[in-house]
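Trainee:
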Amino acid sequence: MKKVGKPVFFVVLILIAAFTALSFFGVSTAYGDNTHTYIKGVDDIRWGIDIRGGVDVTFTPPADYDASPEEMAAAESIIKVRMVSQNITDYETYVDDSKDRIIVRFPWKQGESDFNPEQAVKELGETALLTFREGNEYTGPVVIEGKHVTSARAVLNSQTNEPMVELNLNTEGAQLFSEATGRLVGQPISIWMDENRISSATVKTQIPNGVATISGGFDVKGAQDLAEKINAGALPFKLETENFSSISPTLGLGARDAMVTAGVIAFILVALFIILIYRMSGVVATIALVGQVAGMIACLTGFFAPFPSFTLTLPGIAGIILSIGMGVDANVITSERIKEELRNGKTLDGAIDSGFQRTFAAIFDGNITMVLVAIILMGAFGPPSSIFGTIFSPIFRWFGASATGAIYSFGYTLIVGVIFNFIMGVTASRLMLKSISKFKPFKKAWLYGGDK
Amino acid sequence: MKQIDIVGRRKIWFTISIVLIVIAILASFFPGVKLDIQFSGGTIVTYSFNGDLDKGEFQSSIENSLGQKVTLREQNDVNTGATNYVITLNSKSGVTPDQQIAVNTALNEKFPGADIQTASISNVDPSIGRDFLLKSVVAVAVASILMIVYIAFRFRKMNGWSAGVIAVAALVHDLIIAYGAFVVCGFPLNDSFIAVMLTILGYSINNTIIVYDRIRENRRLLPVKTSYKDLVNISVNQSMSRSINTTVSTVIAVGCVCVMSLVYNVSSILTFSFPLLVGMFAGFFSSMFISGSLWTLWQEHKLAKK
Numbered sequence: 547m548k549k550v551g552k553p554v555f556f557v558v559l560i561l562i563a564a565f566t567a568l569s570f571f572g573v574s575t576a577y578g579d580n581t582h583t584y585i586k587g588v589d590d591i592r593w594g595i596d597i598r599g600g601v602d603v604t605f606t607p608p609a610d611y612d613a614s615p616e617e618m619a620a621a622e623s624i625i626k627v628r629m630v631s632q633n634i635t636d637y638e639t640y641v642d643d644s645k646d647r648i649i650v651r652f653p654w655k656q657g658e659s660d661f662n663p664e665q666a667v668k669e670l671g672e673t674a675l676l677t678f679r680e681g682n683e684y685t686g687p688v689v690i691e692g693k694h695v696t697s698a699r700a701v702l703n704s705q706t707n708e709p710m711v712e713l714n715l716n717t718e719g720a721q722l723f724s725e726a727t728g729r730l731v732g733q734p735i736s737i738w739m740d741e742n743r744i745s746s747a748t749v750k751t752q753i754p755n756g757v758a759t760i761s762g763g764f765d766v767k768g769a770q771d772l773a774e775k776i777n778a779g780a781l782p783f784k785l786e787t788e789n790f791s792s793i794s795p796t797l798g799l800g801a802r803d804a805m806v807t808a809g810v811i812a813f814i815l816v817a818l819f820i821i822l823i824y825r826m827s828g829v830v831a832t833i834a835l836v837g838q839v840a841g842m843i844a845c846l847t848g849f850f851a852p853f854p855s856f857t858l859t860l861p862g863i864a865g866i867i868l869s870i871g872m873g874v875d876a877n878v879i880t881s882e883r884i885k886e887e888l889r890n891g892k893t894l895d896g897a898i899d900s901g902f903q904r905t906f907a908a909i910f911d912g913n914i915t916m917v918l919v920a921i922i923l924m925g926a927f928g929p930p931s932s933i934f935g936t937i938f939s940p941i942f943r944w945f946g947a948s949a950t951g952a953i954y955s956f957g958y959t960l961i962v963g964v965i966f967n968f969i970m971g972v973t974a975s976r977l978m979l980k981s982i983s984k985f986k987p988f989k990k991a992w993l994y995g996g997d998k
Numbered sequence: 338m339k340q341i342d343i344v345g346r347r348k349i350w351f352t353i354s355i356v357l358i359v360i361a362i363l364a365s366f367f368p369g370v371k372l373d374i375q376f377s378g379g380t381i382v383t384y385s386f387n388g389d390l391d392k393g394e395f396q397s398s399i400e401n402s403l404g405q406k407v408t409l410r411e412q413n414d415v416n417t418g419a420t421n422y423v424i425t426l427n428s429k430s431g432v433t434p435d436q437q438i439a440v441n442t443a444l445n446e447k448f449p450g451a452d453i454q455t456a457s458i459s460n461v462d463p464s465i466g467r468d469f470l471l472k473s474v475v476a477v478a479v480a481s482i483l484m485i486v487y488i489a490f491r492f493r494k495m496n497g498w499s500a501g502v503i504a505v506a507a508l509v510h511d512l513i514i515a516y517g518a519f520v521v522c523g524f525p526l527n528d529s530f531i532a533v534m535l536t537i538l539g540y541s542i543n544n545t546i547i548v549y550d551r552i553r554e555n556r557r558l559l560p561v562k563t564s565y566k567d568l569v570n571i572s573v574n575q576s577m578s579r580s581i582n583t584t585v586s587t588v589i590a591v592g593c594v595c596v597m598s599l600v601y602n603v604s605s606i607l608t609f610s611f612p613l614l615v616g617m618f619a620g621f622f623s624s625m626f627i628s629g630s631l632w633t634l635w636q637e638h639k640l641a642k643k
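Residue numbers (this note's numbering), protein chains in the order written: chain A, 547 to 998; chain B, 338 to 643.
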């Protein structure tokens with residue numbers, strides 16, 4: 547094995563301490579009201595709705611209606627528009643085409659005490675009312691409605707290559723639109739979903755044939771969005787709620803605090819236990835464990851500001867605590883081996899070397915099964931678009947997307963725990979133990995489990 | 338170090354295991370397996386309110402509004418110290434948000450000033466529940482198959498297939514006992530149950546692998562004529578302190594979660610952490626006392642047949 551110098555212990559220690567401080571507290575600067583976050587700390591963790599309260603709902607078309615993927619996408623866009631109009635921006639939606647389901651999750655609005663989840667869900671699922679109105683106000687006379695639109699799609703202008711939205715109207719719609727556009731040349735017509743204005747355009751010429759285009763200022767995405775929303779207004783069905791759960795924030799926050807306390811107590815007890823049993827190796831294991839927890843926190847917050855954070859739920863916290871308990875296993879296996887080698891008469895240095903070398907396979911084996919299990923958990927209970935959801939989609943797609951973000955978070959903390967266990971419990975521990983054992987006061991075999 | 342004659346006392350270990358498995362099986366029929374509404378479909382609503390409300394009137398005004406029977410149970414909210422009423426609908430068909438709004442209106446008319454609020458609602462359509470149950474079963478099946486493939490691969494090369502079969506049996510043993518914790522405690526089976534099953538599947542095999550690796554190593558180190566019984570006894574005893582210490586630290590961690598969720602009434606975590614704790618004990622027990630003993634039995638049987 548490579549030689550490990552004396553200062554390595556302190557280098558590793560300082561690195562772990564710095565990493566821990568960063569991942570817990572983050573780095574941000576504040577100029578007046580503007581806070582700029584460079585590194586995200588625990589305050590930036592996205593709590594799951596089982597903690598901060600919120601609504602989890604599954605919508606579906608009426609039982610006898612078989613919706614096409616386009617219709618489902620249109621229905622999803624109705625929900626998104628309505629979310630934003632209710633000032634809820636922190637929502638998640640998943641569409642499951644094979645089962646015609648739309649899963650929507652959104653948190654309780656901050657500072658809202660008498661939020662009415664039943665009402666919110668009811669409004670989300672209602673048939674969208676799409677109207678084209680004269681002028682830019684909702685009070686303007688209605689030109690045509692959603693039922694007059696047969697389809698809308700994003701197209702590219704064959705001459706300018708500019709993205710635009712093409713509308714196809716039915717006969718009645720074509721007549722109404724022809725009349726109105728003839729009258730309103732040079733004036734605006736606005737498009738509304740419920741009471742939200744989704745677009746507005748100026749009439750250039752009369753449109754007599756029922757094929758209209760809306761152009762100007764779109765990128766491709768913007769044109770697709772608008773087409774989807776217009777299609778949504780033409781949807782012939784109302785969404786029904788198949789699944790519906792809601793939890794108030796007081797219940798969840800109390801549970802979170804209890805779990806965080808459990809985590810702190812568990813950490814202290816586990817640390818005391820391994821220090822008591824393995825002395826110096828236990829101290830090193832505890833430092834490694836701090837690094838492991840910090841690594842898990844960093845993976846939840848996203849650490850560097852541009853990375854997305856990962857929702858943490860109650861089972862997710864339980865997963866972190868479980869990883870604390872299981873993470874020690876690597877140190878236990880090596881410490882036991884070092885103890886044994888010392889008793890067999892090896893020198894301290896030789897015992898530490900062979901302790902780490904001969905146990906690597908066992909530790910690897912122990913962790914690979916947890917990784918397998920965590921991946922399956924994430925594949926089965928995660929959103930279908932997630933990486934593991936995609937891997938397992940041939941197996942799980944027949945059963946529809948699931949609505950349990952809670953267990954998904956558990957799988958994530960487990961897998962992240964294993965990864966950091968390798969970095970900290972194996973690599974960092976070895977470096978620390980090798981270097982600390984070179985210092986005279988720590989050069990005693992009994993500190994590592996040998997005889998006095 | 339003192340050696341414990343583990344294989345010699347195998348009758349004790351087998352009896353303990355058989356008794357636990359029988360309890361788990363019996364409890365599946367009495368009191369019986371409860372499926373969470375996540376799987377079966379149904380509605381559970383928790384109401385918070387101020388002051389004292391008559392339970393019977395509360396229940397009947399909900400029943401009148403919905404036109405169907407419900408059951409009411411009291412629950413203490415540890416955070417606020419207040420009492421909540423938990424309503425379970427007897428029908429599995431679920432309610433619409435419209436109906437829920439009607440119930441809330443009816444309740445607040447009946448008990449003005451009590452500030453009745455829905456603290457939580459859980460409403461699952463039976464068809465979505467069935468899908469979710471199937472998906473969960475498939476998740477467990479896929480994990481089991483992967484684990485068996487892993488064990489087969491790992492053991493065929495290193496420990497022989499008899500050890501592999503016993504390792505699988507030990508896993509099944511641990512899963513049954515963790516499942517037993519659910520049914521004996523009356524916890525409904527839900528996504529936490531699946532998470533517990535999978536976690537034990539991943540965790541418990543490792544203790545067993547450590548023991549078999551010791552057996553393999555000692556076979557080379559110990560004299561050729563060492564009996565299977567001695568070989569297993571020595572190996573299990575050597576891995577004992579590692580297994581105990583790993584199990585203790587995991588049990589400390591899960592135990593803290595379990596105790597805190599019990600004290601603070603976090604039922605979603607209690608129903609998850611307690612069976613996990615039981616499963617971890619079962620995993621320790623089976624790897625230390627069952628799998629080695631079973632293997633000895635198998636090998637001796639093979640010798641006798643020759």
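Where a beta carbon is used, it is the ideal one built from N, C-alpha and C, also for glycine.
So the candidates are A:T581, A:I833, A:G912; which of them puts its Cα closest to the Cα of Y540 (chain B)?
Mentor: The option with the nearest alpha carbon to Y540 (chain B) is A:G912.
Trainee: Is the stretch 635 to 649 of chain A touching the stretch 692 to 707 of chain A in the sense that three or more CB pairs, one from each, lie closer than 8 Å?
Mentor: At 8 Å Cβ cutoff, the stretches do not touch.
Trainee: With a floor of 4 residues, list each alpha helix (DSSP H) that falls wholly inside the stretch 609 to 691 of chain A, ordered by position along the chain.
Mentor: Fully enclosed alpha helix (DSSP H) runs of 4 or longer: 615 to 631, 663 to 671.
Trainee: Indicate the three-state DSSP secondary structure (helix, strand or coil) for P734 (chain A) in the structure shown.
Mentor: Strand, per DSSP.
Trainee: Scan the stretch 475 to 488 of chain B for residues whose Cβ lies nearer than 8 Å to a Cβ of chain A and list them as they occur along the chain.
Mentor: Taking 8 Å as the Cβ-Cβ cut-off against chain A, the residues of the stretch 475 to 488 of chain B that qualify are V475, A476, V479, A480, L483, M484, Y487.
Trainee: Less than 8 Å between the CB atoms is what I'm expecting for L607 (chain B) and L599 (chain B), so what's the real figure, rounded?
Mentor: 6 Å between Cβ atoms; contact.
Trainee: If the cut-off is 7 Å on Cβ atoms, which residues from the stretch 846 to 874 of chain A count as contacting chain B, listed in chain order?
Mentor: Taking 7 Å as the Cβ-Cβ cut-off against chain B, the residues of the stretch 846 to 874 of chain A that qualify are L860, P861, A864, I867, L868, I870, G871, M872, V874.
Trainee: Does D462 (chain B) come within less than 8 Å of chain A when only Cβ atoms are used?
Mentor: For D462 (chain B), the answer is yes, since a Cβ of chain A falls inside 8 Å of its Cβ.
Trainee: What does I912 (chain A) reach in chain B if we use C-beta pairs closer than 7 Å?
Mentor: Note that residue 912 (chain A) is Gly in the sequence shown here, rather than Ile. The contacting residues are N543.
Trainee: Compare the beta carbon distance of T581 (chain A) and S574 (chain A) with 8 Å and say whether it is the shorter of the two.
Mentor: Yes, the pair counts as a contact, with Cβ atoms nearer than the cut-off.
Trainee: Under the three-state reduction of DSSP, which class applies to F850 (chain A): helix, strand or coil?
Mentor: Note: F850 (chain A) maps to strand in three-state DSSP.
Trainee: Per DSSP, what are the beta-bridge partners of V382 (chain B) in this structure?
Mentor: DSSP output for V382 (chain B) lists B:I424, B:I458 as bridge partner(s).
Trainee: At a CB-CB cut-off below 8 Å, which residues of chain B make contact with N789 (chain A)?
Mentor: The contacting residues are N460, V461, D462, I465.
Trainee: Run through DSSP, which three-state label would E741 (chain A) get?
Mentor: The answer is coil: DSSP assigns E741 (chain A) none of H, G, I, E or B.
Trainee: Where do the ends of the beta strand (DSSP E) carrying E712 (chain A) lie?
Mentor: Start and end: 709 to 715.
Trainee: Considering only the beta carbon of each residue, do M597 (chain B) and A620 (chain A) sit closer than 8 Å?
Mentor: No, the pair does not count as a contact, with Cβ atoms beyond the cut-off.
Trainee: Quick one, are the C-beta atoms of A476 (chain B) and G871 (chain A) less than 8 Å apart?
Mentor: Not a contact, by the Cβ cut-off of 8 Å.
Trainee: Tell me the rounded alpha-carbon separation between V585 (chain B) and K429 (chain B).
Mentor: Straight-line Cα distance between these residues: approximately 42 Å.
Trainee: Need the endpoints of the alpha helix (DSSP H) that F556 (chain A) sits in, please.
Mentor: Counting along the chain, the alpha helix (DSSP H) containing F556 (chain A) begins and ends at 554 to 571.
Trainee: Would you decide whether T915 (chain A) is buried or exposed? Buried here means 16 or more other CB atoms lie within 10 Å of its CB.
Mentor: Buried, since its Cβ has 16 or more Cβ neighbours within 10 Å.
Trainee: So, is R551 (chain B) buried or exposed, given that buried needs 16 or more other C-beta atoms within 10 angstroms?
Mentor: With 16 or more Cβ atoms within 10 Å of its Cβ, R551 (chain B) is classed as buried.
Trainee: Hey, which unbroken runs of the alpha helix (DSSP H) at 4 residues or more fall wholly within the stretch 862 to 912 of chain A?
Mentor: Correct list: empty.
Trainee: Assuming T344 (chain B) and V569 (chain B) form a contact by the criterion Cβ under 8 Å, report the distance between their Cβ atoms to the nearest whole angstrom.
Mentor: Reading off the sequence, residue 344 (chain B) comes out as Val, not Thr. With a Cβ gap of about 5 Å, V344 (chain B) and V569 (chain B) count as contacting.
Trainee: M597 (chain B) CB to nearest chain A CB: under 8 Å?
Mentor: Taking Cβ atoms only, chain A reaches closer than 8 Å to M597 (chain B), which makes this a yes.
Trainee: Hey, does I879 (chain A) have any beta-carbon neighbour from chain B nearer than 8 Å?
Mentor: Answer yes: the Cβ-Cβ gap between I879 (chain A) and chain B drops below 8 Å somewhere.
Trainee: Kindly say whether F783 (chain A), judged by its beta-carbon, lies nearer than 8 Å to any beta-carbon of chain B.
Mentor: Taking Cβ atoms only, chain B never reaches closer than 8 Å to F783 (chain A), which makes this a no.
Trainee: Tell me the residue span of the alpha helix (DSSP H) that contains V509 (chain B).
Mentor: Its alpha helix (DSSP H) spans residues 498 to 522.
Trainee: At what residues does the beta strand (DSSP E) containing D602 (chain A) begin and finish?
Mentor: Per DSSP, D602 (chain A) belongs to the beta strand (DSSP E) from 600 to 606.
Trainee: Short check: CB of F525 (chain A) to CB of V588 (chain A), under 8 Å?
Mentor: Limits of chain A in this structure are 547 at one end and 998 at the other, which puts residue 525 (chain A) out of reach.
Trainee: Compare the C-beta of R557 (chain B) with all C-beta atoms of chain A and state if any pair is closer than 8 Å.
Mentor: Not closer than 8 Å to any Cβ of chain A, the Cβ of R557 (chain B) fails to qualify, so no.
Trainee: Can you pull the chain A residues whose beta carbon is under 8 Å from the beta carbon of S455 (chain B), in chain order?
Mentor: Residue identity check: residue 455 (chain B) is Thr in the sequence provided, not Ser. Those are P663, E664, S792, S794, listed as they occur along chain A.
Trainee: Given 8 Å as the limit, is there contact between the stretch 705 to 724 of chain A and the stretch 756 to 768 of chain A, that is, 3 or more CB pairs closer than that?
Mentor: The stretch 705 to 724 of chain A vs the stretch 756 to 768 of chain A: in contact.
Trainee: Which word fits Q375 (chain B), buried or exposed, when buried means at least 16 other C-beta atoms lie within 10 angstroms of its C-beta?
Mentor: Classification of Q375 (chain B): buried, given that the 10 Å Cβ count is 16 or more.
Trainee: So with CB distances below 8 Å, who are the chain B contacts of V695 (chain A)?
Mentor: Going along chain B, no residue has its Cβ under 8 Å from V695 (chain A), so there is no contact; the nearest lies around 28 Å.
Trainee: Within 10 Å of its beta-carbon, does F850 (chain A) have 16 or more other beta-carbons around it, so buried, or fewer, so exposed?
Mentor: Classification of F850 (chain A): exposed, given that the 10 Å Cβ count is below 16.
Trainee: Taking CB distances under 8 Å as the criterion, tell me whether L797 (chain A) reaches chain B.
Mentor: Chain B contact via Cβ: present.
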